[in-house]
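Working notes, beginning with the structure itself.
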Amino acid sequence: MRILLITPYYFPYINPRAHRWTAIAEQWAKSGHEVHVLCSRRSGFLPDADLNGVQVHRAGFNSLKEVFYHWFKPRKRRGEAAQTPVNAQTRPGRGMALLVAFNDLVFKKIYFPDDAWVWYFPARKRAVELLESYHFDALVSVSLPFTAHLVGLFCKRKRPDVFWMADVGDPFSLQPDHPINNVFLYGKKSRDLEKKVLQTADLTTVTTPGAQKLYAKHFPEAVARLRVAPPIVGKEFDEKPRAALPLNLDPDKIHLGYFGSFFKNIREPGPFLELVRAAVLARPEWKTRLEIHFFGDIIEPFFRVFDAFPDLTHLFRMYGLIAREQVPAAMSQMDCLVNIGNKTDFQLPSKSVAYLRSGKPVVNLCFVENDLFEAFFEGYPLIENIRLSDVAPSAKAVSDFVRFVENAKGQRVPAGQCDALVRPFTAEALSLSLIKWMSGKDAVEQP
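Using my numbering, the letters of the sequence shown map in sequence onto residues 49 to 495.
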């Protein structure tokens with residue numbers, strides 16, 4: 049099968065969409081399919097190149113921020129690991145802070161459909177060239193950003209005979225607490241466009257059953273063409289030898305690790321920090337015995353949240369983004385992993401499968417009744433689900449947190465059991481299901 053994959057984010061970009069679809073594309077190529085990827089340009093990478101058997105075509109920038117990075121070359125750029133990751137996370141410089149402020153206060157109020165709008169015309173032009181040069185059997189567009197689906201929609205109208213699969217990482221018009229654009233200006237237009245994509249695509253995939261229910265509720269006409277394509281675990285956990293990441297941790301301390309980003313109104317650090325503050329009051333020795341390690345890009349609004357906890361600052365170690373292949377090494381050095389649950393019942397953190405594969409004890413902070421992370425980890429023997437809200441943590445929550453963390457050191461789920469748990473969530477399993485669906489063999493069981 050000859051496949052065209054349309055996604056602004058692809059290797060070497062570091063984010064969940066790039067990791068997921070780089071792994072799937074390479075698995076397809078390994079299985080004998082001809083895979084072409086249309087993504088945004090990246091410094092140091094040719095416009096057209098073969099990467100691990102995948103034909104990668106780069107055109108345009110995926111946001112105005114990327115235009116800024118290209119011309120001004122700041123020390124730290126989005127989607128890139130720090131050169132020296134240990135305690136590398138710092139506040140953005142003055143220029144970047146001004147750019148972020150302009151984006152949040154001005155530009156985000158007017159752009160449409162999202163911050164990748166600048167990519168649409170360069171991507172569409174390159175897509176037309178590819179459609180004229182190759183006879184594709186299938187077309188796959190990946191969101192967010194939703195701009196990729198608009199390119200996919202254009203391609204489908206130009207070549208209606210090509211099977212189109214729209215992969216939805218996160219909803220576009222159905223996130224009232226975390227809107228992608230100005231709802232007042234574009235709310236109806238966003239909903240109509242998302243409906244058009246769902247009606248036109250031959251297949252739409254979402255990452256969770258919760259998202260499937262959400263779309264079925266708001267777009268019932270698309271139910272028959274909705275499928276669940278879950279998160280996957282990366283091949284970095286199977287590579288031998290694994291990439292190293294020496295953190296030089298004190299073995300006598302308790303090391304908690306949080307991997308991932310924060311999102312306004314969806315997943316914020318404040319309630320976790322309140323829990324830690326209460327735990328330190330209950331266990332004064334934790335002031336010198338506890339270390340909390342944050343792996344992932346922290347953006348400016350959330351630095352202000354951390355600033356509100358000056359009594360805990362000495363406990364924090366912030367690394368910024370690290371290379372994907374270093375994640376297993378980082379997780380292996382933690383005594384316990386922390387998940388801050390989403391305040392939605394349709395989104396599952398992309399790191400969930402990696403946490404499952406790590407075998408480490410996991411503290412999961414739940415904010416909704418139907419917490420998808422809790423459901424995903426059903427049967428995992430080393431997990432503590434703690435109910436929190438936006439108010440001070442309860443005495444039970446603090447007690448359960450302290451008890452579990454103190455008992456976590458040295459514990460681990462056997463590797464064989466972890467392998468069995470993640471077997472349905474590998475690139476091999478998902479890529480095979482996607483090919484069957486795109487080939488019209490829709491009777492295949494969901495992974």
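Cβ coordinates follow ideal geometry from the N, Cα and C atoms, glycine included.
If you draw a straight line from the alpha carbon of residue 472 to that of residue 399, how long is it in whole angstroms? 15 Å
Segment contact, 8 Å Cβ cut-off, at least three pairs: the region 58-74 with the region 470-486: yes
Is there contact here, the region 456-476 with the region 429-440, by at least three beta-carbon pairs under 8 Å? yes
What residues match up with residue 191 in a beta bridge as DSSP calls it? 216
Segment contact flag, the region 230-250 with the region 330-343, C-beta cutoff 8 Å, min 3 pairs: no
Where residue 53 and residue 196 are concerned, what is the direct C-alpha to C-alpha distance, given to the nearest angstrom? 10 Å
Check residue 306 in the structure and name its three-state DSSP category. strand
Along the chain, where does the beta strand (DSSP E) that runs through residue 50 open and close? 50-54
Counting beta carbon pairs with one atom in the region 251-266 and one in the region 193-209, are three or more of them shorter than 8 Å? no
Checking the sheet assignment: what are the DSSP bridge partners for residue 87? 106
In whole angstroms, what is the alpha-carbon distance linking residue 224 and residue 448? 33 Å
Going by alpha carbons, who is nearest to residue 222 out of 207, 381 and 266? 266
On a CA-only basis, which of 60, 182 and 312 is nearest residue 228? Give me that one, please. 312
Look at the alpha carbon of residue 296 and the alpha carbon of residue 406, and state the distance between them as a whole number of angstroms. 20 Å
Where residue 331 falls: helix, strand or coil (DSSP): coil
Hey, is residue 320 close to the ligand GDP, as in C-beta under 7 Å from one of its heavy atoms? For the ligand GDP, the structure offers nothing, since it holds no ligand at all.
Status (buried if at least 16 other CB within 10 Å, exposed otherwise) for residue 256: buried
Considering just the uninterrupted stretch of the alpha helix (DSSP H) at residue 483, what are its terminal residues? 475-486
Since residue 108 and residue 170 should fall inside the 8 Å C-beta cutoff, what is the C-beta to C-beta distance between them, to a whole number of angstroms? 3 Å
Compute the beta-carbon to beta-carbon distance between residue 56 and residue 164, rounded to the nearest angstrom, for a pair I have assumed lies under 8 Å. 5 Å
Just checking, does the region 387-398 make contact with the region 358-374 on the three C-beta pairs under 8 Å criterion? no
Endpoints, beta strand (DSSP E) assigned at residue 424: Per DSSP, residue 424 belongs to no beta strand (DSSP E); it is in the alpha helix (DSSP H), 420-424.
Rounded C-alpha distance that separates residue 306 from residue 181: 45 Å
Does residue 242 pass the burial test, meaning 16 or more other C-beta atoms within 10 Å, or should it be called exposed? buried
Tell me the rounded alpha-carbon separation between residue 105 and residue 93. 10 Å
Can you list, in chain order, the residues of its chain whose CB lies under 8 Å from that of residue 291, leaving out five sequence neighbours each side? 284, 371, 373, 374, 376 and 377
Would you call the CB atoms of residue 308 and residue 344 closer than 8 Å? yes
Comparing C-alpha positions only, which one of 239, 50, 272 and 349 sits nearest to residue 153? 349
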